[in-house]
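Visitor: Have a look at the structure that comes next, please.
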Amino acid sequence: MNQSSDHRVILVASCGQSAPLRVTINERARRILLRIDSKKREAVAVVPSKRHRKRALAFAEERVDWIVKCLAALPDPAGMAPGEYTLFRGIEHRIEKATSGRSVRVEMREDSPAILIPGRDDLLASKLKGFLRAEARSELTARVAVHAATLGVKPAGITIKDTRSRWGSCSSAGNLNFSWRLICAPPHVLDYVAAHEVAHLVEMNHSPRFWAQVEKCYGEHKGARKWLNDNGRALHAVGG
């Protein structure tokens, strides 16, 4: 994707609200695609070439009310500054600056557990993200190993990513990818996503055979799926 060829405009809806639009070129695109970038909080129109820009603008203008509605529905970014709260294993933890030590640590308290982060103020957020990412890798690696043993499969590799559109994926080569934000969800939800992706090593689809594999290694999964449906937007907002 050629970022240097991006073209930005501001659209105005019938209600008077404005919406930023970025038109970007991707030669692999076969048609105009319109999506919402929740991280940058803007609409994105993907086109095959420069000559499609005018059509893309018209396409987006016809759907500007929908764009404004989608952007307004995005949750506010969840901050990572001292005094704020973040989810960790499904429980709200207060973020605090540590006065001693070199490592990020969790402190359990009667009123509210806390995550203590040492070091410079301008590095606290990145340190917290690094801690959460490492915890996600450790937990997901462990759960994948359990489910893979149950189904008699072995993933080619496990990657922890900063994704906002999906919780996990399985490539045709057998590589499993997961969002680090899963560590913010309750453990049973993270475990479900791990089982879901491991099941794809057996069935690369969502057929009844696939769901049978999920149930074989995880059991009843409707509760975990409902939690993600109900809380997914807020979870994707963790980390700004």
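Take the sequence shown: its letters are residues 395 to 634, numbered as in our numbering. We put the beta carbon where it would ideally sit given N, CA and C, even for glycine. For clarity, every value in this text was computed on a predicted model and none was experimentally measured.
1) Any contact between the stretch 587-602 and the stretch 526-538? By contact I mean 3 or more CB pairs, one from each, below 8 angstroms.
2) What do you reckon, are the CB atoms on Phe482 and Glu529 nearer than 9 angstroms?
3) Mapping DSSP to helix, strand and coil, what is Lys491?
4) I need the boundaries of the beta strand (DSSP E) containing Ile554, first residue and last residue.
5) Which residue comes first and which comes last in the alpha helix (DSSP H) that contains Asn625?
6) Work out the CA separation of Gly495 and Arg514 for me, nearest whole Å.
7) Answer with buried or exposed for Ser398, where buried requires no fewer than 16 other C-beta atoms within 10 angstroms of its C-beta.
8) Please report the distance separating the alpha-carbon of Ala567 from that of Val417.
9) If I follow the unbroken beta strand (DSSP E) through Tyr586, where does it start and stop?
10) Taking buried to mean at least 16 other C-beta atoms within 10 Å of its own C-beta, is His630 buried or exposed?
11) Note down, in chain order, each residue of its chain lying with its Cβ closer than 7 angstroms to the Cβ of Arg488, except the 5 sequence neighbours on either side.
12) Would you mind listing the alpha helix (DSSP H) stretches within the stretch 404-474 that are 4+ residues and don't spill past its ends, in chain order?
13) Since I believe Leu428 is in contact with Ala454 (beta carbons under 8 angstroms), could you give me their beta-carbon distance rounded to a whole number of angstroms?
14) According to DSSP, is His541 part of a helix, a strand, or is it coil?
15) Return the residue from the list Leu545, Val403, Gly562 that minimises the CA-CA distance to Arg531.
16) For Leu517, does the count of other Cβ atoms within 10 angstroms reach 16, so buried, or fall short, so exposed?
17) Return the Cβ separation of Cys578 and Val632 in integer angstroms, given the expectation that the two are a contact with Cβ distance under 8 angstroms.
18) Considering only their Cβ atoms, is the gap separating Leu584 from Ala542 smaller than 9 angstroms?
19) The beta strand (DSSP E) with Arg558 in it runs from where to where?
20) Out of Gln411, Pro476, His401, Asp556, point me to the one whose CA is closest to Leu526's CA.
21) Excluding the five sequence neighbours on either side, which residues of its own chain have a C-beta within less than 6 angstroms of the C-beta of Lys620, listed in chain order?
22) What residue range does the alpha helix (DSSP H) around Arg603 cover?
Guide: Judging by the given coordinates:
1) yes
2) yes
3) strand
4) 551-555
5) 616-630
6) 13 angstroms
7) With a pLDDT of 49 at Ser398, under the threshold of 50, the modelled position of this residue cannot be trusted, and the question is left open.
8) 32 angstroms
9) Taken as a continuous stretch (DSSP letters only), Tyr586 belongs to no beta strand (DSSP E), being part of the alpha helix (DSSP H) at 581-593.
10) buried
11) Tyr479, Ser506, Ala508
12) 447-456, 458-467
13) 6 angstroms
14) helix
15) Gly562
16) exposed
17) 5 angstroms
18) no
19) Premise fails: Arg558 is in no beta strand (DSSP E) and is neither H nor E.
20) Asp556
21) none
22) 602-611
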